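Working notes, beginning with the structure itself.
Residue numbers (the numbering used here): 2 to 270.
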């Protein structure tokens, strides 16, 4: 019995081996869905996990503009507080320097030298005849002119720079933008339709004030190519532009005067 059972087992094994070597009916494959469904379920699980982690417990489509507005206001408050503290420290420094100058001759001489240059450097407020220029975005139009985009309806960095350069060319003695004194180190930058000046952000309308001969300033604006382009946009897209002559006031520069880099201009031979 044992020999017969062993022979039968050996014969079955031999038949399986021969069947595997000889061509026969192809082996039936597993249907695709039996393999694809687990893979799809795994991918869906990874997607849900990633979404939940990214959302942090909140809806991804939740309107977070109120949070962003609150964050911007907090940062503005911090900047304002730091500016007030810096102004107080500058005042304290100037007060102590003035006291020391009463008993120290070299310090007194340097202080007098600095005071003589304060007006030219922009550290004193000035008033006099001048011109006020105001640039503003166009109103929201339901039907834009043919070929126009929303980008044509806002004041750009180049528009503000064109006005500023024209006023300097027209003989402006002092200038301010949004009631901030403009110096040789001032840089006008635009972020979207907002103006960035000395670390602060301003929204339109943008007001530029210059002290000088109003007639000469207006003539310089009239011949400026950049200003003329903006005036054409005023006619085509309803942008805002105005020039108002009269007695104006330009505030003193109150921000940091630290220079990051400087070069000595070459002396003409």
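Backbone N, C-alpha and C define an ideal beta-carbon position, used for all residues, glycine too. Quick caveat, the model's predicted, so the values are computed rather than measured.
Contact between the stretch 208-225 and the stretch 137-155 is absent: fewer than three C-beta pairs spanning the two stretches fall below 8 angstroms. With contacts defined by Cβ atoms closer than 8 angstroms, residue 168 and residue 179 do not form a contacting pair. Under the three-state reduction of DSSP output, residue 240 falls in the coil class, being neither helix nor strand. With fewer than 16 other Cβ atoms from the protein chains shown falling within 10 Å of its own Cβ, residue 190 counts as exposed.
When the beta-carbon positions are compared, residue 210 and residue 133 come within less than 8 angstroms of each other. Beyond the five residues adjoining it in sequence on each side, residue 128 comes within less than 8 angstroms, by CB distance, of 212, 248, 249, 250, 251 in the same chain, given in chain order. If you ignore the 5 residues before and after residue 208, its C-beta comes within less than 7 angstroms of the C-beta of 133, 135, 179, all in its own chain and listed in chain order. Contact annotation: the stretch 198-205 does not touch the stretch 225-239, with fewer than three C-beta pairs closer than 8 angstroms. By the criterion of a C-beta distance shorter than 7 angstroms, residue 163 is surrounded in its chain by 225, 227, 228, 231, once the five residues flanking it on both sides are discounted.
In the structure shown, residue 175 adopts extended strand secondary structure according to DSSP, grouped into three states. Listed in chain order, the non-local C-beta contacts of residue 101 below 7 angstroms within the same chain comprise 108, local neighbours out to five positions each way being set aside. With distances taken between CA atoms, residue 243 lies nearest to 161 out of 92, 267, 161. Put simply, of 263, 236, 92, 182 the residue whose alpha carbon is nearest the alpha carbon of residue 153 is 236. Per the coordinates, the alpha-carbon of residue 214 lies some 31 angstroms from the alpha-carbon of residue 265.
In the DSSP assignment, residue 129 falls within the unbroken beta strand (DSSP E) covering 127-137. Proximity to residue 172 across 206, 203, 77, 222 peaks at 222, based on C-alpha coordinates. Ranked by Cα distance from residue 184, the options 131, 254, 202 are led by 254.
By DSSP's assignment, residue 249 forms a beta bridge with 129. Judged by beta-carbon spacing, residue 192 lies beyond the 8 angstroms limit of residue 181, meaning their Cβ atoms are not closer than that value. Between the alpha carbons of residue 113 and residue 103 lies a gap of roughly 12 angstroms.
Here residue 183 carries a coil assignment [DSSP, helix/strand/coil].
Residue 138 and residue 156 do touch by the CB rule: their CB atoms are close to 6 angstroms apart, below 8 angstroms.
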